[in-house]
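Undergrad: Mind looking over this structure? Questions follow.
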Amino acid sequence: MSWGRFEQNFVYNYDINACLDAVMRTAAQLKLSVKSADRFNYKVVFSNGISLTTWGEKIYIALGVLPDGKTGINIASVSNLGTEITAKSRNEKNVYNFINTLNYFLPPR
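Those letters in the sequence shown? Residues 8 to 116, per this note's numbering, in order.
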């Protein structure tokens, strides 16, 4: 059983390329490491390292154009060790921290 996962979807009224650039700037601001980046399919995987209290997490980002022309962004934070019971709150914090920083680069319009 895996407890260490939290996922949310968000919508932005920006071009998909502008959103991808903002995602990359957000990761740099949060000092996340890029594990893989597929600019053609608009998917990126980031990670933060292990510490005394965690085995680390990976943050999966997938972007897509919605039928109304807006950009949908799916953000999932997944623990490296999926059996950590306390990981869900840490994963939730990772997602919301990423979104709060992303909103700085993509303000509502």
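Glycine residues also receive a C-beta, built at the ideal position from the N, C-alpha and C atoms.
Within its chain, find whatever has a CB closer than 6 Å to the CB of Q136; leave out the 5 residues flanking it on each side and keep chain order.
TA: Nothing can be reported for residue 136, as the shown portion of the chain is limited to 8 through 116.
Undergrad: Less than 8 Å between the CB atoms is what I'm expecting for V72 and I23, so what's the real figure, rounded?
TA: Counting from 1 along the sequence shown, the entry for residue 72 is found at position 65. Counting from 1 along the sequence shown, the entry for residue 23 is found at position 16. Sure, about 5 Å apart at Cβ, within 8 Å.
Undergrad: Would you call S43 buried or exposed, if buried means 16 or more other Cβ atoms sit within 10 Å of its Cβ?
TA: In the sequence shown, the residue the question calls residue 43 occupies position 36. So S43 counts as exposed.
Undergrad: In the structure shown, what three-state DSSP assignment does Y19 receive?
TA: Taking the first residue of the sequence shown as 1, we reach residue 19 at position 12. Three-state result, Y19: strand.
Undergrad: Determine whether the beta carbon atoms of I82 and E14 lie at a separation below 8 Å.
TA: Residue 82 sits at position 75 when you count from the first residue of the sequence shown. Residue 14 sits at position 7 when you count from the first residue of the sequence shown. Yes, the pair counts as a contact, with Cβ atoms nearer than the cut-off.
Undergrad: When we look at the beta-carbon of Y49 and count the other beta-carbons within 10 Å, is it buried (16 or more) or exposed?
TA: Here residue 49 is taken as the residue at index 42 of the sequence shown, counted from 1. Burial call: buried.
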